[in-house]
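Colleague:
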Amino acid sequence: MRSGGLLSPRNRLAGHVLSRSGDLRIPAGIEAYGRGWSSRHHRRGQAPTRCRASHPLARGATASTMPRAHDAGVDMIGALRTWAWKARRALQRRFIQKRVPTAGYLEQRVSAPRIEELDDASLAELNRLLPWHCFVVDAHGRRFGDVAWNAKRTSPEQIPDRRIVLLDEAIGLRGKTVLEIGCFEGVQTTALCERAKLVKAVDSRIENVVKTLVRCWGLGHAPELMVCDVERLPADTARLRCDVCHHVGVLYHLREPVAHLIALARSIDGALMLDTHVARPAELDGEYESNGRIWRYRRYGEHGRKDPFSGMYDHAKWLTEDDLVEVLRVCGFVDIEIRERRDERNGLRILVIAQKPK
1 MRSGGLLSPR NRLAGHVLSR SGDLRIPAGI EAYGRGWSSR HHRRGQAPTR
51 CRASHPLARG ATASTMPRAH DAGVDMIGAL RTWAWKARRA LQRRFIQKRV
101 PTAGYLEQRV SAPRIEELDD ASLAELNRLL PWHCFVVDAH GRRFGDVAWN
151 AKRTSPEQIP DRRIVLLDEA IGLRGKTVLE IGCFEGVQTT ALCERAKLVK
201 AVDSRIENVV KTLVRCWGLG HAPELMVCDV ERLPADTARL RCDVCHHVGV
251 LYHLREPVAH LIALARSIDG ALMLDTHVAR PAELDGEYES NGRIWRYRRY
301 GEHGRKDPFS GMYDHAKWLT EDDLVEVLRV CGFVDIEIRE RRDERNGLRI
351 LVIAQKPK
């Protein structure tokens, strides 16, 4: 059979077939079982019945990784969602070549004094040593970091992010201590360091803290860094004491958003900038108890520790905008302003600046 045929030996994959367009399709029986939960959109938290492949082999998915329907106590739908996601990621990470230039960038150049001292071979080795998922560009137009995969984070990160500029204009960061929740790989940590007196940055993943350390070193900054699961804040919250908290792109990954905000607020003396997804009332599908009352939420699936763009647990709870504002009032914030509402691919997202009494 011709190379690229549906059942050629090179295209067999644990009972799956690859179409000539490159689609990895779940077998008919499984697909029929899953029609009730197949998503119209391929996004985190939902399970499509097929995932895009760019290579005829997908060694990350084998027969042993397929869930078995007869196993007692197996949540078949949840198991299939997890398997489909893992198969897709295996295809992306193992077989898609990253075709992003190492040099020649003209836009988004930043001052990176220690990186600019490195020759091209040393910078290439630094980029290889750590599992980068985003990159910046030094003054010579060279890439510092890497892309996540071909379709994600393929352009240089902007420093500063527009939200940091907005926060600085609204609050004034000069002379203040700023706490960054979720530093990821340190791109915006460096922007905060350029404006604030002291920056404390935390992340749940040790590899992100290490990458932030290296990124900030390369750009000439030295924040205080901590490994911290933000849903399990340290008993010694004095370590997190700050004037301003920068909280962008994290809350919608948490399974205990109410408890997290209440605990965190004890360490914030002045203001909080919060950028997060929220649920529309029609999207609510669950409720839970926290801080003595019942909160309704939208359950959103996460993929846990191994996915750099997921939360640490299996799901997140998205509150409504009204309930989120109520939580902030419980936290002691009195001046709460919704600066932005944005319709994004995964849902409604808002930007809030909240301040405590002066």
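Letter 187 of the sequence shown, counting from 1, is numbered 187 in this note's numbering, and no numbers are missing. Using N, Cα and C, we set each Cβ at its ideal position, and we do this for glycine too.
(1) I'd like to know whether the C-beta atoms of GLY124 and THR102 end up nearer to each other than 8 Å.
(2) Based on DSSP bridge pairs, tell me the residues matched to ARG109.
(3) For ILE338, which of helix, strand or coil comes out of DSSP?
(4) What does DSSP give as the partner residue(s) for LYS200 in the beta ladder?
(5) Quick check on DSSP: helix, strand or coil for GLN158?
(6) In the DSSP assignment, find the alpha helix (DSSP H) that holds ASP322 and state where it starts and stops.
(7) Within 10 angstroms of the Cβ of ALA58, are there 16 or more other Cβ atoms? Answer buried if so, exposed if not.
(8) Select from HIS277, ARG293, CYS245 and ASP119 the residue whose C-alpha is nearest the C-alpha of TYR300.
(9) So if DSSP puts ILE294 in a beta bridge, which residue, or which two residues, is it bridged to?
(10) DSSP on TRP318, reduced to helix/strand/coil?
(11) According to DSSP, is VAL248 helix, strand or coil?
(12) Taking its Cβ as the centre, do 16 or more other Cβ atoms sit within 10 Å of ALA139, making it buried, or is it exposed?
(13) For THR142, count the other beta carbons within 10 Å of its own beta carbon; 16 or more makes it buried, fewer makes it exposed. Which is it?
(14) Thinking GLU157 and PHE135 are a contact (beta carbons under 8 Å), I'd like their distance in whole angstroms, please.
(15) Is LEU192 near the ligand FAD - that is, is its Cβ less than 7 Å away from at least one heavy atom of it?
(16) Can you give me the C-alpha to C-alpha distance between PRO113 and HIS221, rounded to a whole angstrom?
(17) Over the uninterrupted beta strand (DSSP E) stretch that includes ALA354, give me the two end residues.
(18) Are three or more beta carbon pairs between the stretch 288-302 and the stretch 214-232 nearer than 8 Å?
(19) Given that a residue counts as buried once 16 or more other Cβ atoms are within 10 Å of its Cβ, and exposed if not, what is ILE206?
(20) Please classify SER122: is it buried, with 16 or more other beta-carbons within 10 angstroms of its beta-carbon, or exposed?
(21) List the DSSP bridge partners of ILE268.
(22) When we look at the beta-carbon of TYR297 and count the other beta-carbons within 10 Å, is it buried (16 or more) or exposed?
(23) If I'm right that ALA354 touches LEU272 with Cβ under 8 Å, what's the distance once you round it to whole angstroms?
(24) Tell me the DSSP secondary structure of LEU274 in three-state form.
(25) Give the straight-line distance between the Cα atoms of LYS176 and CYS245, rounded to the nearest whole angstrom.
(26) ARG128 by DSSP, collapsed to three states: which one?
Modeller: Straight from the coordinates:
(1) In the sequence as displayed, the identity of residue 124 is Ala instead of Gly. The answer is yes: Cβ separation under 8 Å.
(2) VAL137
(3) strand
(4) LEU179 and GLU224
(5) coil
(6) 321-330
(7) Interpretation of ALA58 is limited by its pLDDT of 38, a score under 50 that renders its predicted location unreliable; the figure taken from the coordinates is listed afterwards. Buried: at least 16 other Cβ atoms inside 10 Å.
(8) HIS277
(9) GLU289
(10) strand
(11) strand
(12) exposed
(13) Sequence check: residue 142 is Arg here, not Thr. Under this definition ARG142 is a buried residue.
(14) 7 Å
(15) This structure simply doesn't include the ligand FAD, nor any ligand for that matter.
(16) 10 Å
(17) 347-355
(18) no
(19) exposed
(20) exposed
(21) CYS242
(22) buried
(23) 5 Å
(24) strand
(25) 10 Å
(26) helix
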